[in-house]
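First residue of the sequence shown? That's 83 in the working numbering, and the numbers climb one at a time after it. Glycine included, each C-beta is placed from N, C-alpha and C at the ideal position. Quick caveat: nothing in here was measured; it's all calculated off a predicted structure. Reading through the structure tokens given below for one structure.
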Amino acid sequence: MNLSSQKIIITGITGGIAFATAKLLIEQGAQVFVSARQQSKLDQALSELGPQASGSLMDLSDTASITEFFDVAGEFDHLITPAASSMFSPISDMDLVAARQILETKQWGQMLCVHEGVKRISKNGSIILFSGTVTQKPIAGATMFASVGGATEAAARIWAHELAPVRVNTIVPGIIDTPIWNSLMSEEAARSTLDATAAVLPVGRVGTVDDIAKSAAFLIDNGFINGHSLVVDGGHRII
Ligand SMILES: NC(=O)c1ccc[n+]([C@@H]2O[C@H](COP(=O)([O-])OP(=O)(O)OC[C@H]3O[C@@H](n4cnc5c(N)ncnc54)[C@H](OP(=O)(O)O)[C@@H]3O)[C@@H](O)[C@H]2O)c1
83 MNLSSQKIII
93 TGITGGIAFA
103 TAKLLIEQGA
113 QVFVSARQQS
123 KLDQALSELG
133 PQASGSLMDL
143 SDTASITEFF
153 DVAGEFDHLI
163 TPAASSMFSP
173 ISDMDLVAAR
183 QILETKQWGQ
193 MLCVHEGVKR
203 ISKNGSIILF
213 SGTVTQKPIA
223 GATMFASVGG
233 ATEAAARIWA
243 HELAPVRVNT
253 IVPGIIDTPI
263 WNSLMSEEAA
273 RSTLDATAAV
283 LPVGRVGTVD
293 DIAKSAAFLI
303 DNGFINGHSL
313 VVDGGHRII
């Protein structure tokens with residue numbers, strides 16, 4: 083795949099999936115324009131990614147910062163939106179502030195990125211949103227991930243109609259080994275959750291950030307995939 087003429091926006095570059103995706107797309111020749119919430123973290127990521135990367139600050143809870151981010155980014159070809167907050171909690175004991183934060187970042191935030199991004203996206207471009215396998219495989223504690231993921235997948239199919247010929251797809255990750263797990267539980271609990279999941283998955287391991295990065299590259303490359311939710315979960319949903 084040669085992406086040398088392509089400019090690709092990726093949100094939340096400090097995230098495991100976002101960073102791996104940026105690295106892979108840069109290797110294919112793309113220019114990436116990325117977001118972070120803190121200048122020091124943005125600077126660090128840009129210095130690791132090298133001269134094909136540039137970026138600007140953006141907080142998905144702040145509508146004005148999203149508008150400003152896309153103003154600075156300018157014209158581009160593809161939009162990838164993995165940035166989001168996270169939380170696990172049973173409904174009976176839910177931290178309502180954290181729950182609303184997922185709505186604001188993962189659902190409303192991705193939607194605002196599309197709303198702003200479509201003003202400057204190439205007609206030959208595409209948009210890749212993020213959901214999660216809990217939309218199809220119920221896991222206790224995943225109310226908010228499942229709710230916003232389901233809404234995002236449904237909205238993506240609408241936008242594939244509305245924004246044609248721009249293609250709109252959703253990546254539906256299973257359990258992927260990223261820092262998200264340390265934000266959801268203690269490091270020890272995260273390790274044991276990942277190990278226990280690996281033991282029962284048909285592929286015998288949890289996902290890596292590269293599994294998801296390759297999926298994003300595939301969705302950019304294949305111009306006939308549109309309005310699709312691409313499950314990348316090692317078979318988790320079928321066990
Ligand atoms: N990893 C998995 O097992 C898994 C499974 C299913 C779905 N997913 C989905 O895949 C996507 C990427 O996941 P990941 O594992 O790579 O996540 P991650 O490593 O936890 O990274 C999350 C990113 O989102 C950013 N972020 C959080 N709140 C934000 C806000 N208010 N405004 C802007 N950015 C914000 C974080 O920035 P800071 O550094 O500033 O906090 C970080 O860059 C997410 O949508 C996640 O829900 C992941």
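Could you pull out every residue in the same chain whose Cβ sits closer than 6 Å to the Cβ of residue i, ignoring the five residues on either side in sequence?
i, result
"GLN88", "ALA112 and ASP159"
"GLN218", "ARG319"
"ALA295", "ALA102, THR103 and LEU106"
"GLY231", "SER213, GLY214 and THR217"
"GLN110", "MET83 and LEU85"
Specify, as a first and last residue, the run of the beta strand (DSSP E) that residue i falls within.
i, result
"GLY317", "Run containing GLY317: none; DSSP gives neither H nor E here."
"ALA236", "Unbroken run through ALA236 is the alpha helix (DSSP H), 225 to 244; no beta strand (DSSP E)."
"ALA112", "No beta strand (DSSP E) holds ALA112; DSSP gives it neither H nor E."
"PHE212", "203 to 212"
"HIS160", "158 to 162"
"LYS89", "89 to 92"
"SER390", "For the chain, the structure presents residues 83 to 321; residue 390 sits outside this window and is missing."
Tell me whether the beta-carbon of residue i lies closer than 9 Å to the beta-carbon of residue j.
i, j, result
"VAL216", "ALA233", "no"
"PRO172", "ALA100", "no"
"LYS123", "THR93", "no"
"SER138", "GLU130", "no"
"ILE302", "LEU245", "no"
Whose C-beta lies closer than 8 Å to the C-beta of residue i among residues of the same chain, with five residues either side of it excluded?
i, result
"ILE320", "PRO284"
"GLY98", "ILE258, ASP259, THR260, PRO261, ILE262 and VAL291"
"GLY199", "ILE91, PHE152, PHE158, LEU161 and ILE209"
"LYS205", "PRO247 and VAL248"
"ASN264", "ALA272"
"GLN183", "SER143, SER167 and MET169"
Can you name the start and end residues of the alpha helix (DSSP H) that residue i belongs to?
i, result
"ASN251", "Counting along the chain, ASN251 falls outside any alpha helix (DSSP H), though it belongs to the beta strand (DSSP E) covering 249 to 255."
"PHE277", "In the sequence as presented, Phe is not what sits at residue 277; that position holds Asp. Its alpha helix (DSSP H) spans residues 269 to 282."
"ILE262", "262 to 266"
"HIS310", "Taken as a continuous stretch (DSSP letters only), HIS310 belongs to no alpha helix (DSSP H), as it is neither H nor E."
"LEU301", "291 to 303"
"GLU150", "145 to 155"
"MET193", "190 to 199"
"ASP125", "121 to 131"
Since I believe residue j is in contact with residue i (beta carbons under 8 Å), could you give me their beta-carbon distance rounded to a whole number of angstroms?
i, j, result
"MET169", "ALA180", "4 Å"
"MET267", "THR275", "7 Å"
"ILE210", "ALA298", "5 Å"
"VAL196", "VAL254", "Not really, about 17 Å apart at Cβ, beyond 8 Å."
"LEU136", "LEU142", "Checking the displayed sequence, the identity of residue 136 turns out to be Ser instead of Leu. Incorrect: roughly 19 Å between the Cβ atoms, too far for contact."
"SER167", "LYS201", "Their Cβ separation, rounded to whole angstroms, is 25 Å, which puts SER167 and LYS201 out of contact at 8 Å."
"THR252", "ALA238", "5 Å"
"GLY256", "GLY316", "6 Å"
"ALA146", "PHE115", "No, ALA146 and PHE115 are not in contact; Cβ-Cβ is about 18 Å, not under 8 Å."
Report all residues from its chain with a CB closer than 7 Å to the CB of residue i; omit the five preceding and five following residues, and keep chain order.
i, result
"ASP144", "none"
"ALA242", "ARG249, VAL250, ASN308 and GLY309"
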